[in-house]
Ligand SMILES: Cc1cc2nc3c(=O)[nH]c(=O)nc-3n(C[C@H](O)[C@H](O)[C@H](O)COP(=O)(O)OP(=O)(O)OC[C@H]3O[C@@H](n4cnc5c(N)ncnc54)[C@H](O)[C@@H]3O)c2cc1C
Ligand code: SF4
Ligand code: SF4
């Protein structure tokens, strides 16, 4: 026997969640199996579709805004419309293989799922969001809490950092934004977080103090004292940006309260990991999966699979096995989705010789000579950045001869190659588009 | 033990700290990143002592699940705690004595359960509770768990052992101390449900799984228990039995902590053949179809507020009860969120930790009160105490719900 469902999705990041929702929408019973908690908990919470044209390469970067990629100088030409850039991508880029409509549908599945947690769905165009390192980053969807901070907005701005949260140097970020020519005045201030915390207190601790509006000494609450400390720095600012730690699940309440106390609009600036916007997003996706009746097993990796016994030549997967502290637990299904992420998510393995797909051993095209994997310079056009399985228009990973590896396997997200997501700023978009298609393909055949 | 390779794979993302329920409420606790990789790195360089703060860790193992880089955090904590207790702790201190007593609850329970009513009367006496707090540092806020009139093992013996014989379907039941001495109805539910599915049940001789000993750094005590368990369970496995536990901390100990900390012969075999009771049924039997036939309203099955214990979460079992009982018509099982219950075995029994323990549990209590059901459900006996303590609800084990739905009804299995 085995634990049975119609579709098993392997991997619980953005791609796996999207594939599971997409398949469940078509009526299939889905079981999502993931090794770790979602990597979204480290991600910035921004949903990039395509931020830069591919040709526009070789940019310098040093930011730490948790976008898993390089920073981009504001003068290097972000794309105003991600869809306009799709045709210029290489022919084996996932957007080209599955079509720009898949990206559009993936984003709209995302919009339906996250509801009022996010903004940006009203237009095809990229928004520019200021990051903690003082860059203006093009992105397709952004948390509602970041909306008043958009760079296209011309209101004078104050950025506020905390002594305890060292990865946001607000004065430096303000200086950089000014230098990059943003259309508003921006200043920065660093203040002590109200209340008594250890120097390295977890950001979640600070977030909860704000959310619960804890007593912060002198008979005043955390939010009261925070507002008191910010007020002297306000000057003419009409909006104030804090690192994204304004509460956990009640960020809007905290924001509204602080805005009222300060008399100006308050917003969040995306930070590096661990990231509260990422945690909020992953919680929202989890709720949506639960509502859609998706079964979930997390904390245990898939370590092996078994082909169907009577399958001619073993080209159908019968079941996968998870490892639960040494016990092998079988999960059987009619269709499988591979969404294990790239080199970071552990979907791809590499040794000195080759990069391989870790669970099913799917073909990963790569130069024979390892010397050709990378170029000089951290953010140059590296071959390895595009490593991953190649898919057809239905999301089926392809063997070296161009035929599907397995009849009942589709793939989504970082494990799919062909995109240089860090340079293009396309990570989440690729996950949404391929996730949508992979889930739909799986559901069509159950 | 050399845990350096694990320490080296830490890239300081602090996900573990973010998930630690103790660091969240206790400012003096530096968190899992310090207790784990940083402490091990320090130790490698010089002969530093283990930091005393290691005794603040409740061994909930949440940090394990949070780490994207597979750093063996709880193994590092268990080992460090063991070293701290062995080399640095005053064996005559009140704290050591108290921890030793809490860790070896099973030994005391063995004595107390011989005269359950008397023991219940004494332990329930508020004067005794005050004395326990004063002399031993065991909080007077909690009610001592009541002993059942008859232990499970004695019931099993009186019954004459298994009612079902089978060569193919055989499980060896690891009941642990709680189900034997206190929550005997859980153990009986397991027997009835498994027999209904045609299993022959063996109840091997066993000792405490060791969980409370790990949590208190009493590794020698744990080793002695584990040796007995590995040997007896190993024998059962050789005879074709799979090991099944009804407590998720017990299955966790057998599956993860034993192989991480001990190297008795057969440890790996026991780990690879041990399962949680519900998990095993879901893998091997069709539970869903018969369950779908039942209407809860006809059998007085209430709505539930379900809490997934940290140790079930760590095994990836946190969703199984909620997902299974969706198929049971007319009952609502609400997941009361992913926070820790706060009691963490012996942690919440310590006088100096009691307030923290309740603070951690606050989120769960709130969610329970907001849920439809006024009966709780969980797999862990100490979480169950905490749920009851914080809300006054009665708490069932999923196996008891299965018993009501499948055994006490005439549904065909
Ligand atoms: C720090 C960080 C910042 C980011 N910032 C941004 C940003 O600003 N904008 C943006 O658009 N995107 C960003 N991203 C990228 C984005 O969040 C996703 O990581 C990306 O879309 C890839 O998603 P994925 O689901 O394919 O892979 P991952 O998110 O890597 O998920 C893979 C999942 O598969 C699981 N898994 C792996 N192997 C197995 C196995 N054998 N069995 C079972 N499960 C397995 C892993 O545990 C993991 O949950 C960021 C990512 C990171 C890490
Ligand atoms: S085991 Fe629990 S209490 Fe201990 S460090 Fe890890 S998360 Fe914190
Ligand atoms: S979660 Fe793992 S990698 Fe991250 S800081 Fe903790 S131990 Fe290190």
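Residue numbers (our numbering), protein chains in the order written: chain C, 1 to 446; chain A, 447 to 859. Don't be surprised by glycine CBs; every beta carbon is placed ideally from N, CA and C. Nothing here was measured: the structure is a model prediction, and the numbers come from that model.
Where do the N-terminal and C-terminal ends of the alpha helix (DSSP H) with residue i fall, by residue?
i	result
residue 694 of chain A	694 to 698
residue 721 of chain A	First-last for residue 721 of chain A: 720 to 722, but that is the beta strand (DSSP E), not the alpha helix (DSSP H).
residue 822 of chain A	Careful: residue 822 of chain A lies outside any alpha helix (DSSP H), inside the beta strand (DSSP E) at 821 to 823.
residue 637 of chain A	630 to 642
residue 491 of chain A	485 to 491
residue 335 of chain C	It is not in any alpha helix (DSSP H) - residue 335 of chain C instead sits in the beta strand (DSSP E) that spans 335 to 338.
residue 454 of chain A	450 to 454
residue 225 of chain C	222 to 230
residue 110 of chain C	100 to 114
residue 616 of chain A	Element bounds for residue 616 of chain A: not the alpha helix (DSSP H) but the beta strand (DSSP E), 616 to 620.
residue 510 of chain A	508 to 512
Suppose the cutoff is 7 Å on Cβ atoms and the five residues either side in sequence are ignored; what does the same chain contact list for residue i look like?
i	result
residue 766 of chain A	724, 725 and 728
residue 209 of chain C	195 and 222
residue 859 of chain A	642, 643, 736 and 852
residue 550 of chain A	667
residue 148 of chain C	239, 265 and 267
residue 743 of chain A	776
residue 609 of chain A	641
residue 534 of chain A	495 and 496
residue 48 of chain C	139, 140, 425, 426, 427, 428 and 429
residue 463 of chain A	469, 477, 478 and 479
residue 624 of chain A	693 and 827
Spatial neighbours of residue i within its chain, please: C-beta separation below 6 Å, excluding the five flanking residues on both sides.
i	result
residue 69 of chain C	For residue 69 of chain C, the predicted structure reports a pLDDT of 43, less than 50, and the residue's modelled location is therefore unreliable. A value from the coordinates is still provided. The residues are 422.
residue 590 of chain A	569
residue 74 of chain C	Model confidence at residue 74 of chain C stands at a pLDDT of 37, short of 50, so the residue's coordinates are unreliable and nothing is read from them.
residue 773 of chain A	734, 737 and 738
residue 279 of chain C	41
residue 3 of chain C	331
residue 671 of chain A	653, 654 and 656
residue 418 of chain C	92, 93, 94 and 386
residue 816 of chain A	none
residue 134 of chain C	173, 176 and 177
Just confirm the distance between the C-beta atoms of residue i and residue j, as a whole number of angstroms; I'd bet it's less than 8 Å.
i	j	result
residue 132 of chain C	residue 92 of chain C	Wrong, their Cβ atoms sit about 34 Å apart, outside the cutoff.
residue 273 of chain C	residue 244 of chain C	Actually they are not in contact, since the Cβ atoms of residue 273 of chain C and residue 244 of chain C sit about 11 Å apart, beyond 8 Å.
residue 662 of chain A	residue 545 of chain A	4 Å
residue 689 of chain A	residue 683 of chain A	7 Å
residue 143 of chain C	residue 126 of chain C	The pair is not a contact, with the Cβ atoms about 15 Å apart (cut-off 8 Å).
residue 447 of chain C	residue 17 of chain C	Since the displayed chain C opens at 1 and closes at 446, residue 447 of chain C lies outside it and no answer follows.
residue 813 of chain A	residue 794 of chain A	Actually they are not in contact, since the Cβ atoms of residue 813 of chain A and residue 794 of chain A sit about 18 Å apart, beyond 8 Å.
residue 32 of chain C	residue 15 of chain C	With a Cβ gap of about 11 Å, residue 32 of chain C and residue 15 of chain C do not count as contacting.
residue 594 of chain A	residue 562 of chain A	7 Å
Over what stretch of residues does the beta strand (DSSP E) that includes residue i continue unbroken?
i	result
residue 295 of chain C	295 to 298
residue 328 of chain C	327 to 332
residue 144 of chain C	Per DSSP, residue 144 of chain C belongs to no beta strand (DSSP E) and is neither H nor E.
residue 242 of chain C	239 to 243
residue 307 of chain C	302 to 307
residue 190 of chain C	186 to 191
residue 688 of chain A	688 to 691
Quick one: what's got a C-beta closer than 8 Å to residue i's C-beta in the same chain, skipping five residues either side?
i	result
residue 102 of chain C	95, 433, 434, 436 and 437
Please list, in chain order, the chain B residues whose beta carbon lies closer than 9 Å to that of residue i.
i	result
residue 371 of chain C	Reference to chain B is not applicable here, since the protein chains of this structure are C and A.
Select from the region 760 to 771 of chain A all residues with a C-beta closer than 7 Å to any C-beta belonging to chain C, and list them in chain order.
760, 761, 762, 765 and 769
Taking a cut of 7 Å between CB atoms, which residues from the region 819 to 845 of chain A lie near chain C?
none
Determine which residues of the region 26 to 42 of chain C have a Cβ less than 7 Å from any Cβ of chain A, and write them out in chain order.
36, 37, 39, 41 and 42
Closer than 7 Å, Cβ to any Cβ of chain C: which residues of the region 792 to 817 of chain A, in chain order?
none
Taking 6 Å as the limit, tell me which residues put their C-beta closer than that to any heavy atom of ligand 3, in chain order.
A:456, A:457, A:458, A:459, A:460, A:461, A:462, A:479, A:482, A:483, A:512, A:513, A:515, A:517 and A:519
Can you pull out the residues from the region 317 to 345 of chain C whose beta carbon lies closer than 9 Å to at least one beta carbon of chain A?
322, 324, 325, 326, 327, 328, 329, 330, 344 and 345
Between the region 459 to 470 of chain A and chain C, which residues of the former have a C-beta closer than 9 Å to a C-beta of the latter?
459, 460, 461, 463, 464, 465, 466, 469 and 470
Counting only Cβ-Cβ distances shorter than 8 Å, please list the residues of the region 291 to 306 of chain C near chain A, keeping chain order.
293, 295, 296, 297, 298, 299 and 300
Using a beta-carbon distance cut-off of less than 7 Å, what residues from the region 596 to 627 of chain A approach chain C?
none
Residues of the region 539 to 558 of chain A with Cβ closer than 9 Å to any Cβ of chain C, in chain order:
none
Mind checking the region 261 to 286 of chain C against chain A and listing, in chain order, the residues whose C-beta falls within less than 7 Å of any C-beta there?
273 and 274
Taking a cut of 7 Å between CB atoms, which residues from the region 557 to 574 of chain A lie near chain C?
none
Output needed in chain order: residues of the region 489 to 519 of chain A with a Cβ under 7 Å from some Cβ in chain C.
511, 512 and 514
Mind listing which residues of the region 191 to 221 of chain C have their C-beta closer than 9 Å to chain A's C-betas, in chain order?
196, 197, 198, 200, 201, 202, 203, 204, 205 and 208
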